[in-house]
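The structure appears below as structure tokens.
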Amino acid sequence: MSDEHVPEPTAALGEDGAVTYGTLLWVPALERADLLAGPVRTALAELAAHHPDAASQVLVTEIDPELADTAAMTDAYDLPLSASANCVLVAGRRAAEERVAACVVRATTRADVNTTVRRLLDVRKASFWPTEQAVAASGMEYGAITPVGLPAGWRVLVDPAVGVGEAIIGSGVRGSKLLLPGEVLVSLPGVEVVEGLGLPVG
Numbered sequence: 032m033s034d035e036h037v038p039e040p041t042a043a044l045g046e047d048g049a050v051t052y053g054t055l056l057w058v059p060a061l062e063r064a065d066l067l068a069g070p071v072r073t074a075l076a077e078l079a080a081h082h083p084d085a086a087s088q089v090l091v092t093e094i095d096p097e098l099a100d101t102a103a104m105t106d107a108y109d110l111p112l113s114a115s116a117n118c119v120l121v122a123g124r125r126a127a128e129e130r131v132a133a134c135v136v137r138a139t140t141r142a143d144v145n146t147t148v149r150r151l152l153d154v155r156k157a158s159f160w161p162t163e164q165a166v167a168a169s170g171m172e173y174g175a176i177t178p179v180g181l182p183a184g185w186r187v188l189v190d191p192a193v194g195v196g197e198a199i200i201g202s203g204v205r206g207s208k209l210l211l212p213g214e215v216l217v218s219l220p221g222v223e224v225v226e227g228l229g230l231p232v233g
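The sequence shown: position 186 = 217 (my numbering), numbered continuously.
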């Protein structure tokens with residue numbers, strides 16, 4: 032599927048604040064808090080309290096949990112792969128301290144863990160966190176971990192490309208996805224925009 036055949040999100044008739052994108056209807060996230068993981072719900076409520084305009088632009092849609100992986104979701108719901116942003120958790124040790132970073136890059140790229148992330152964390156070796164550890168520490172489901180609502184103290188590294196155009200990210204649960212402007216995502220508390228974080232795939 033080529034991206035040029037997929038329309039941009041469009042306002043949904045009769046649905047205040049909602050849009051259609053691909054074959055899905057996306058509604059304001061806080062109106063469907065049941066589709067959000069606990070930490071995500073809390074983070075969006077805090078965002079709404081301090082930056083209501085930004086919070087209102089964060090939308091959610093329900094999907095089949097079996098289709099939560101980016102490639103499957105893209106095909107099933109007629110979405111452009113380039114609209115999705117993947118979030119991976121990376122960690123490394125410095126002496127006795129474990130340093131954790133969430134890395135957010137477009138789905139058409141991969142995170143430069145071995146060079147850029149390792150250097151930013153100032154560790155000898157950086158690697159992806161084991162599934163069980165990532166799930167337990169984030170309070171989110173595997174395959175749905177998102178930069179929204181991560182524990183305080185974790186670094187949130189975002190490639191500049193994510194800040195341009197729409198971004199589809201996890202909601203903390205596999206049964207839904209978030210959609211928000213990239214400009215809103217990179218303005219979230221704690222986000223660091225890192226040049227060169229995303230590398231071409233292949």
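From the three backbone atoms N, C-alpha and C, an ideal C-beta is built for every residue, glycine too.
Identified DSSP bridge partners for residue i
{"i": "residue 200", "result": "209"}
{"i": "residue 52", "result": "55"}
{"i": "residue 231", "result": "140"}
{"i": "residue 224", "result": "189"}
{"i": "residue 73", "result": "Bridge partners of residue 73: none, in fact."}
{"i": "residue 41", "result": "51"}
Neighbour-count burial assignment, residue i, 16 or more Cβ in a 10 Å radius
{"i": "residue 150", "result": "exposed"}
{"i": "residue 156", "result": "exposed"}
{"i": "residue 173", "result": "exposed"}
{"i": "residue 153", "result": "exposed"}
{"i": "residue 41", "result": "exposed"}
{"i": "residue 221", "result": "exposed"}
{"i": "residue 162", "result": "exposed"}
{"i": "residue 102", "result": "exposed"}
{"i": "residue 190", "result": "buried"}
{"i": "residue 232", "result": "exposed"}
{"i": "residue 184", "result": "exposed"}
Neighbour flag for residue i against chain D, beta carbons, 8 Å
{"i": "residue 199", "result": "Among the protein chains of the structure shown there is no chain D, as only one such chain exists."}
Residues of its chain near residue i, where Cβ-Cβ distance is below 7 Å and the 5 sequence neighbours each way are ignored
{"i": "residue 230", "result": "140, 141, 143"}
{"i": "residue 202", "result": "66, 67, 68, 71, 91, 175, 177, 208, 209"}
{"i": "residue 227", "result": "143, 147"}
{"i": "residue 73", "result": "180"}
{"i": "residue 43", "result": "49, 50, 51, 56"}
{"i": "residue 214", "result": "194"}
Cβ shell of residue i (< 6 Å), same chain only, five flanking positions each side left out
{"i": "residue 126", "result": "none"}
{"i": "residue 114", "result": "197, 199"}
{"i": "residue 105", "result": "112"}
{"i": "residue 37", "result": "Residue placement at residue 37 is flagged as unreliable, the pLDDT there being 47, under the threshold of 50; the coordinate-derived value follows with that caveat. Excluding sequence neighbours, residue 37 sits near 111."}
{"i": "residue 48", "result": "59"}
{"i": "residue 204", "result": "68, 172, 175"}
{"i": "residue 224", "result": "189, 191, 217"}
{"i": "residue 34", "result": "Here residue 34 scores only 44 on pLDDT, less than 50, and its place in the model is too uncertain to base an answer on."}
{"i": "residue 212", "result": "88"}
Same chain, Cβ closer than 8 Å to residue i, neighbours up to 5 away in sequence not counted
{"i": "residue 95", "result": "107, 206"}
{"i": "residue 46", "result": "56, 58"}
{"i": "residue 130", "result": "122, 123, 124, 152, 153, 154, 186"}
Inset, instruction - Check whether the region 192 to 211 touches the region 146 to 166, counting contact only when three or more Cβ pairs, one atom from each stretch, lie closer than 8 Å. - result: no
Inset, instruction - Could I get the ranges of all uninterrupted beta strand (DSSP E) runs contained in the region 77 to 161, with 3 residues as the minimum, in chain order? - result: 90 to 93, 116 to 125, 128 to 137, 140 to 142
Inset, instruction - Decide if the region 78 to 94 is in contact with the region 115 to 135; the criterion is three or more beta carbon pairs, one per stretch, under 8 Å apart. - result: no
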